[in-house]
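Chains as they are written, first to last, in my numbering: chain A, 304 to 733; chain B, 73 to 181.
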C-alpha cells in the first residue's frame, strides 16, 4: 500500500467522475433548448444506473481472471474487493476497492458518450435500458480483453487509458445507434443548431480537466508514468486545437467556438491510448495529425444523411482509431518500458494496434445492433412525432430548462381533486 | 399598408418564412412569445410540487405589406403554419397609419 498513490487515485477517480457532468454540458449546449434537460439527463442517468451495475456485476465481468474473453465473475457484489491492494487483476499499491471505483467511472462515461448520436429523438426509458445492457455486454468484456488479461492484452495491444475500450467502442456504438434509432424527423431540413455555445465550451473545458484523472490516473500510481501521461494530455489537445483553428480558417475564414471545443475533445480522445507511452513532442505531433481525419469526418457526416447528431463518430470513433494506430507508431520503450512503435523499429506494433481496433469495431458494432433490436422489441426506441416537436424536456421529464417562473406558472396544490390548473393570468386571445 | 401579426408554433417558423419568401416579402420581425388560447398547458414537476404551465412557447412574426398583398400573405401563412391540431395559432391584420425608414427619415407609402 502506498499512500501517495492512494491520494492521487482518490483525486483521479473524482476527476473522471466529473467528466460525465462535463459531457452533459458539452452535449446539452449542442442541442436545441427544448431538449436540453433530456440530453443532459442522458449523461447524468449513467452515473446512477451504470454506476450500480458496475459495482454489482460489471466489474466481475471485466476485471477478474477468467479466460481470454470474459472474467470469472468472482467479484459479484464486490465480494472480496477490500481495502488491501491484493486481489486486483493488476499489481496495484492502492485499495482494491478504489481501483474498482476508478474503473467504474470509465464505464459510466463510455455509456454516456453514445447518447450524443441519438439525442432529441430516442425515448429515455429505452435509452436507459440500452446503456444498462450495453455496459455489461459490450463495455465489460472489451475492458477484459484489453485490461483484464484477455486476448488483446496477451497480444500486446497498447491502450493506455481506453482509446479502444472507451472511445472506439463508444464511437462505433454511436454510429450503429444513430442508424438503428433513425434520424430526427426534422433532420436535416430544420435548423438544428446549438442553443448554448458557452455550455459547450464549459463542457469541453471540464472534460479536459477531468481527463487528467482519466489519463494520468491510468498510471494507477503517483509516479513518473502519471507525469508523462499528464504532460501528453496537456500537449496533444493543444496541438489539435491549433491545427483545427487553421482548418476552420481555411474553410470558412473564421475560427469557431464549437470547433475549438470539438478540437479539444478530439485531441483528448486521440492521446488517450498513447498517454503514458509516447514522448511529449510526439504527443504534439499525434494531436496535430488527429485533427485532420476528424475534421474531414465531421464535414462528410454533415453532408450525409447520417444523423449522428453531436458527431460522436467523428470525434470518438475516428479520433480514437487515429490515436490507437498512432500509439503503434510513437510508442517508445525507453519511456514506457513495454514496447516500441513503428517509429522506433517495431512496425509489428502497428499490426497489433490495428487488430485491437478492428476487434473493437466488430464486437461493438454487432453487439450494439443486437442490443438495440432486443430493447426495441420491448420498448419503443423512438419518441412520438408530437413529443419530438414539443421537445423531450416537457414530454419526457415534465420540466423545462429555461422558464420564467411566476409569470407562466401557477402551483397546483397536491391532494385529491386539486389537480385542475389554477391560472393566475386571464386567458390571452390567442 | 397592413400589419400582419402571426402567432404560430415554434417549429413552423421555417415553413412560414419559406412561404413568405415565395411572395417576395423582404422584411419581417420575429419574436419568441408565450401564450395560450384553447390549447391547454402541460404539467411540470419541480421539487415535488406539480405546476400547470398554462403559457406555451409560440413565435410571433410581424410583417408590413401593401393593402393589396394582405390577403395573399394571410393565406400563405395560414397554409404553412397549419397542422389541424389545437394550438396552431392566430393571424391578425391591422391597419398601419404611417411608416418611416429610420436610416433616411423618409416616409413610406
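The C-beta atom is built at its ideal place from N, Cα and C for all residues, glycine as well.
Since the model is a prediction, treat every value here as computed from it, not as a measurement.
Query                                                                                                                           : Result
Buried versus exposed call for residue 580 (chain A) [16 or more other C-beta atoms within 10 Å across all chains shown]        : buried
Coil, strand or helix - residue 458 (chain A) by DSSP                                                                           : helix
Simplified DSSP state of residue 649 (chain A), which is helix, strand or coil                                                  : coil
Segments assigned alpha helix (DSSP H), at least 4 residues, entirely inside the segment 419 to 477 of chain A                  : 427 to 437, 443 to 450, 454 to 458
Contact set between residue 117 (chain B) and chain A, taken where Cβ atoms lie within less than 9 Å                            : 700, 701, 702
Secondary structure of residue 557 (chain A), DSSP reduced to three states                                                      : coil
Residue 501 (chain A) in three-state terms, based on DSSP                                                                       : helix
Contact belief for residue 335 (chain A) with residue 484 (chain A) at Cβ below 8 Å, rounded distance in angstroms              : Residue 335 (chain A) to residue 484 (chain A), Cβ: 17 Å. No contact.
Residue 705 (chain A) - DSSP class collapsed to helix/strand/coil                                                               : coil
Inter-residue Cα distance where the pair is residue 564 (chain A) and residue 606 (chain A)                                     : 21 Å
Coarse secondary structure for residue 710 (chain A), derived from DSSP in three states                                         : The predicted model places residue 710 (chain A) with a pLDDT of 48, which falls under 50 and marks its position as unreliable; any figure quoted below should be read in that light. Residue state, collapsed to three classes: coil.
Within-8 Å CB hit, residue 733 (chain A) to chain B                                                                             : Caution is warranted here: a pLDDT of 44 is assigned to residue 733 (chain A), below 50, making its placement in the model unreliable, and the coordinate value is therefore given only provisionally. By this cut-off, residue 733 (chain A) is an interface position.
Boundaries of the beta strand (DSSP E) in which residue 697 (chain A) is found, first to last residue                           : Residue 697 (chain A) -> no beta strand (DSSP E), and no H or E assigned at all.
Proximal chain B residues relative to residue 434 (chain A), where beta-carbon distance stays under 7 Å                         : By Cβ distance, chain B contributes nothing, its closest Cβ being about 24 Å from residue 434 (chain A), past 7 Å.
Expected contact under 8 Å - CB spacing of residue 704 (chain A) and residue 339 (chain A) to nearest Å                         : 4 Å
Touch test, the segment 583 to 602 of chain A against the segment 450 to 464 of chain A, Cβ-Cβ under 8 Å, three pairs minimum   : no
Residue 378 (chain A) vs residue 367 (chain A) beta-carbon contact at 8 Å                                                       : yes
Exposure label - residue 492 (chain A); buried when at least 16 CB within 10 Å                                                  : exposed
Continuous beta strand (DSSP E) stretch holding residue 130 (chain B): start and end                                            : 128 to 137
Chain A contacts from the segment 79 to 97 of chain B (Cβ-Cβ distance under 7 Å)                                                : 79, 83, 86
For residue 76 (chain B): DSSP bridge partner residues                                                                          : B:135, B:165
According to DSSP, residues forming a beta bridge with residue 172 (chain B)                                                    : B:179
Contact between the segment 341 to 350 of chain A and the segment 543 to 550 of chain A (3+ Cβ pairs under 8 Å)                 : no
Whole-angstrom distance between residue 126 (chain B) and residue 417 (chain A), CA atom to CA atom                             : 35 Å
Continuous beta strand (DSSP E) stretch holding residue 622 (chain A): start and end                                            : Premise fails: residue 622 (chain A) lies in the alpha helix (DSSP H), 622 to 633, not in any beta strand (DSSP E).
Interface partners of residue 494 (chain A) on chain B, CB under 8 Å                                                            : 86
Chain B within 8 Å of residue 339 (chain A), Cβ atoms only                                                                      : no
The segment 581 to 591 of chain A touching the segment 441 to 455 of chain A, judged by at least three CB pairs closer than 8 Å : no
Residues in the segment 671 to 699 of chain A having any Cβ partner in chain B nearer than 7 Å                                  : 692, 697
Beta carbon of residue 285 (chain A) nearer than 8 Å to that of residue 561 (chain A)                                           : The structure shown has nothing for residue 285 (chain A), since chain A only spans 304 to 733.
Residue 487 (chain A) (DSSP reduced to helix, strand or coil)                                                                   : coil
Candidates B:176, B:75, B:124: closest to residue 99 (chain B) by CA position                                                   : B:75
Rounded C-alpha distance that separates residue 160 (chain B) from residue 501 (chain A)                                        : 33 Å
Counted within 10 angstroms of its Cβ, other Cβ atoms place residue 172 (chain B) as buried (16 or more) or exposed             : exposed
Alpha helix (DSSP H) segment containing residue 590 (chain A), residue limits                                                   : 583 to 606
C-beta neighbour in chain B for residue 709 (chain A), strict 8 Å                                                               : The predicted model places residue 709 (chain A) with a pLDDT of 45, which falls under 50 and marks its position as unreliable; any figure quoted below should be read in that light. So no, residue 709 (chain A) is outside the interface.
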